[in-house]
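J.: Counting in the UniProt record's numbering, the sequence shown runs from 1 upward without gaps.
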Amino acid sequence: MTIENAESFFALDVLSWLFLAILLAIAIVLIDLLFFSKTSPESDVKVTEDRSTFRKICYFLIFLKFSKSEKYKHRPKVVQWSIELFPVLLLVLVFRGFIFEPFRVPSNSMMPTLLTGDFILVNKFDYGLRLPILNSKIIDFSKPERGDVIVFRYPNYEHSAGYSGVDFIKRVVALPGDTISYEKDQLTVNGESVEYRKIGSYQGVDSGKAMSGYRHIREKINEADHDILLHPLGNSRKLSKTTVPEG
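1. Given a cut-off of 9 Å, decide if F103 and V88 are closer than it, judged by their beta-carbon atoms.
2. Identify whether P41 lies in helix, strand or coil by the three-state DSSP scheme.
3. Quick one, are the C-beta atoms of I180 and K143 less than 9 Å apart?
4. With C-beta atoms as the reference, is P106 less than 9 Å away from V166?
5. Going straight from the alpha carbon of L239 to that of G147, what length do you get?
6. Just the C-alpha distance for S82 and L33, rounded to the nearest angstrom, thanks.
7. Look at the alpha carbon of G128 and the alpha carbon of H226, and state the distance between them as a whole number of angstroms.
8. Quick check: the region 193-201 against the region 210-217, are at least 3 beta-carbon pairs closer than 8 Å?
9. Can you tell me the Cα-Cα spacing of L114 and N108, whole angstroms?
10. L175 and P132: beta carbons closer than 9 Å?
11. Are the beta-carbon atoms of R171 and M110 separated by less than 9 Å?
12. Are the CB atoms of D178 and T243 nearer to each other than 9 Å?
13. Per DSSP, H226 is paired with what?
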């Protein structure tokens, strides 16, 4: 069995709304500069006559604000708000889209490492840069390794309404080309069983109380130990031999 490759997709999420808000702010300001600024009442500070509309636009886009010599208090409120919010929205978009993004752990599948409801800050550039919204990769820096904790969307989730907008937070146990299987609570990668060590019975606190009584196991992946929880009755799902695809 081979899992279907995940494809690039249009993701309408927080970054999408930020991007659309930035485009709207730019459009409002440009329309005001091109069509209404000449007919607006004069401010108490004169703008030099040699400053063309084109130069105003360039200055605004490069420095994220108008020249200090240009007051815009006389302009409509929607224009003032667009001018003030544009740099803030742009900085948030760059930060969330290319540097770090906060996520909330949606379920108990990563316990006891991460509890349900925990907030985590995810490095967005470690594996490369992707275009927000379009989700297409620009630059490749490195590849995920076994044992890494990653945040992702369900492969081709846009075709499954039930997974729309759901963030998955999981640990990497196999890489593209690896053959894996899972049966009777035992993970096998490329024909080798992952090493398990029993810790005891898990006693949860806070949001982890619901998992109390589960078997606390320490597994070794990529020469590093990771704690996991297994159902006390051993009724985990079975995964037949599967090849991890590229991409």
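The beta carbon of each residue, even a glycine, is placed where N, CA and C say it ideally should be.
T.: In this structure, then:
1. Along the sequence shown, one-based indexing puts residue 88 at 88. Along the sequence shown, one-based indexing puts residue 103 at 103. No, the Cβ-Cβ distance between V88 and F103 is not below 9 Å.
2. Stepping through the sequence shown from its first residue, residue 41 is reached at position 41. Because the pLDDT of P41 is 48, which lies under 50, any placement of that residue in the model is unreliable, and the number read from its coordinates should be weighed accordingly. Per DSSP, reduced to three states, the secondary structure at P41 is coil, with no helix or strand assignment.
3. The residue you call residue 180 lines up with position 180 of the sequence shown. The residue you call residue 143 lines up with position 143 of the sequence shown. Here I180 is not near K143, since their CB atoms are 9 Å or more apart.
4. Your numbering for residue 106 matches position 106 in the sequence shown. Your numbering for residue 166 matches position 166 in the sequence shown. Yes, these two residues count as a Cβ contact at 9 Å.
5. Indexing the sequence shown from 1 puts residue 239 at position 239. Indexing the sequence shown from 1 puts residue 147 at position 147. Computed Cα separation, rounded: 19 Å.
6. Within the sequence shown, numbered from 1, the residue matching residue 82 stands at position 82. Within the sequence shown, numbered from 1, the residue matching residue 33 stands at position 33. Answer to the nearest angstrom: the Cα atoms are 12 Å apart.
7. As a working note, residue 128 is residue 128 in the sequence shown. As a working note, residue 226 is residue 226 in the sequence shown. Those two C-alpha atoms are separated by around 25 Å.
8. yes
9. Numbered from 1 along the sequence shown, position 114 holds the residue referred to as residue 114. Numbered from 1 along the sequence shown, position 108 holds the residue referred to as residue 108. So the two alpha carbons sit approximately 8 Å from each other.
10. Looking up residue 175 in the sequence shown gives position 175. Looking up residue 132 in the sequence shown gives position 132. Not in contact: L175 and P132 (Cβ atoms no closer than 9 Å).
11. Looking up residue 171 in the sequence shown gives position 171. Looking up residue 110 in the sequence shown gives position 110. Contact: yes.
12. Counted from its first residue, the sequence shown places residue 178 at position 178. Counted from its first residue, the sequence shown places residue 243 at position 243. It is a contact, given that the beta carbons lie within the stated cut-off.
13. Translated into positions along the sequence shown, residue 226 becomes position 226. Its beta-bridge partners are E219.
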